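Just below is one structure, and these are the notes that go with it.
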């Protein structure tokens, strides 16, 4: 019941705080519980919740016929949370997801990709067990995504021949690497080579290929973090966690939307790479040594306490399990060395 207790505490808070920062609490605690760190959850939350804002209130109901006008309007956040709470009370959660996933997917940049990442964690939890608090968490995730819905310039189906690792390496950097993510993403349409870099990925011929390619993307982004994290240790985490979130949702979706899901995840990972990647990779001589097993590395992330490190560790353990590549674990150690620990 630890996850349910944590969700109940967190659902009294909003999806954002300090104006625009994403509430990572639900994502971090879901990762911690799934990896056996139930006893650490409430202690971690005691510190984390103090930062958060109250749950926003609804002011104007969103109806079935006028949702498009409210999409991407952060002032309607409370309205969107209420909308999805109602939807999930009236329909099975998979039916709600099937309807709204294609509507939300083109706006995958929402909240610096946190809309889709929180949805991925919520679906992962619901797929193991269904109850009221887990349904409420999916509603909060979808509502946040809808309110912050944000498209990526040049978004479309790729048509090239490159695998995800090579494709990520060819993404151009935005010229002005200052200010926040919206300022950076706003430059994408004007970058020479941006559209062609999105197109270069090898497309999937069917649903199973889409899942395979999405797995390869999550793997490549995680391994690339080791040598490129210094560009922005926090933001570049999302190049890996966003496609991982999409990958985890696939089993709950019809196979016919898996290809579009790959395309959106690729656009998100490429966009964050363009926005924050450093000019040069770090030398392998300067990289950290992995201190132990995968379980010890996740323990290191929990003791560090930063929510991004915990989420990256959750993804990295999946990558390490699939590939056996020690760089997957090194990515977590790299994040620990670069990101300030969260005070407990």
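In the numbering used here, the protein residues as written are 3 to 346.
All C-beta atoms, glycine included, are put in the ideal place defined by N, C-alpha and C.
What you are looking at is a predicted structure, and each value in this text was computed from that prediction instead of being measured.
Reduced DSSP secondary structure (H/G/I, E/B, other) of residue i
{"i": "residue 19", "result": "strand"}
{"i": "residue 289", "result": "coil"}
{"i": "residue 177", "result": "coil"}
{"i": "residue 312", "result": "helix"}
{"i": "residue 9", "result": "helix"}
{"i": "residue 62", "result": "coil"}
{"i": "residue 341", "result": "coil"}
{"i": "residue 3", "result": "coil"}
{"i": "residue 86", "result": "helix"}
{"i": "residue 221", "result": "helix"}
{"i": "residue 129", "result": "helix"}
{"i": "residue 262", "result": "helix"}
{"i": "residue 38", "result": "coil"}
{"i": "residue 243", "result": "helix"}
{"i": "residue 115", "result": "coil"}
{"i": "residue 145", "result": "helix"}
{"i": "residue 75", "result": "coil"}
{"i": "residue 236", "result": "coil"}
{"i": "residue 197", "result": "helix"}
{"i": "residue 252", "result": "helix"}
{"i": "residue 94", "result": "coil"}
{"i": "residue 320", "result": "helix"}
{"i": "residue 189", "result": "coil"}
{"i": "residue 282", "result": "coil"}
{"i": "residue 48", "result": "helix"}
{"i": "residue 67", "result": "coil"}
{"i": "residue 81", "result": "helix"}
{"i": "residue 157", "result": "coil"}
{"i": "residue 208", "result": "coil"}
{"i": "residue 122", "result": "helix"}
{"i": "residue 357", "result": "Residue 357 lies beyond the residue range present for the chain, which begins at 3 and ends at 346; the question has no answer from this structure."}
Opposing strand residues paired with residue i [DSSP bridges]
{"i": "residue 56", "result": "15"}
{"i": "residue 152", "result": "110"}
{"i": "residue 24", "result": "18"}
{"i": "residue 203", "result": "164"}
Within 8 angstroms, strictly: CB atoms of residue i and residue j
{"i": "residue 18", "j": "residue 55", "result": "yes"}
{"i": "residue 24", "j": "residue 113", "result": "yes"}
{"i": "residue 325", "j": "residue 122", "result": "no"}
{"i": "residue 162", "j": "residue 201", "result": "yes"}
{"i": "residue 13", "j": "residue 138", "result": "yes"}
{"i": "residue 270", "j": "residue 110", "result": "yes"}
{"i": "residue 204", "j": "residue 267", "result": "no"}
{"i": "residue 264", "j": "residue 215", "result": "yes"}
{"i": "residue 243", "j": "residue 314", "result": "yes"}
{"i": "residue 303", "j": "residue 259", "result": "no"}
{"i": "residue 177", "j": "residue 199", "result": "no"}
{"i": "residue 99", "j": "residue 209", "result": "no"}
{"i": "residue 49", "j": "residue 344", "result": "yes"}
{"i": "residue 5", "j": "residue 127", "result": "yes"}
{"i": "residue 57", "j": "residue 27", "result": "no"}
{"i": "residue 292", "j": "residue 332", "result": "yes"}
{"i": "residue 84", "j": "residue 51", "result": "no"}
{"i": "residue 206", "j": "residue 261", "result": "yes"}
{"i": "residue 213", "j": "residue 168", "result": "no"}
{"i": "residue 125", "j": "residue 248", "result": "no"}
{"i": "residue 120", "j": "residue 29", "result": "yes"}
{"i": "residue 229", "j": "residue 279", "result": "no"}
{"i": "residue 219", "j": "residue 329", "result": "no"}
{"i": "residue 296", "j": "residue 322", "result": "yes"}
{"i": "residue 77", "j": "residue 300", "result": "no"}
{"i": "residue 256", "j": "residue 341", "result": "no"}
C-beta neighbour in chain B for residue i, strict 8 angstroms
{"i": "residue 123", "result": "In the structure shown, chain B cannot be found, because there is only a single protein chain."}
Rounded Cβ spacing between residue i and residue j (contact assumed at less than 8 angstroms)
{"i": "residue 101", "j": "residue 170", "result": "Going by Cβ atoms, the distance from residue 101 to residue 170 rounds to 32 angstroms, so no, they are not a contact pair."}
{"i": "residue 239", "j": "residue 310", "result": "5 angstroms"}
{"i": "residue 336", "j": "residue 231", "result": "5 angstroms"}
{"i": "residue 87", "j": "residue 149", "result": "In fact, because the Cβ distance is near 13 angstroms, the residues do not count as touching under 8 angstroms."}
{"i": "residue 145", "j": "residue 196", "result": "Not really, about 31 angstroms apart at Cβ, beyond 8 angstroms."}
{"i": "residue 154", "j": "residue 273", "result": "5 angstroms"}
{"i": "residue 277", "j": "residue 183", "result": "6 angstroms"}
{"i": "residue 135", "j": "residue 10", "result": "6 angstroms"}
{"i": "residue 31", "j": "residue 60", "result": "About 25 angstroms separates the two Cβ atoms, so there is no contact after all."}
{"i": "residue 90", "j": "residue 147", "result": "Actually they do not touch by this definition, with Cβ atoms about 14 angstroms apart."}
Residue i beta carbon near the ligand FMN (any heavy atom closer than 7 angstroms)
{"i": "residue 77", "result": "The ligand FMN is absent from the structure shown, which contains no ligands of any kind."}
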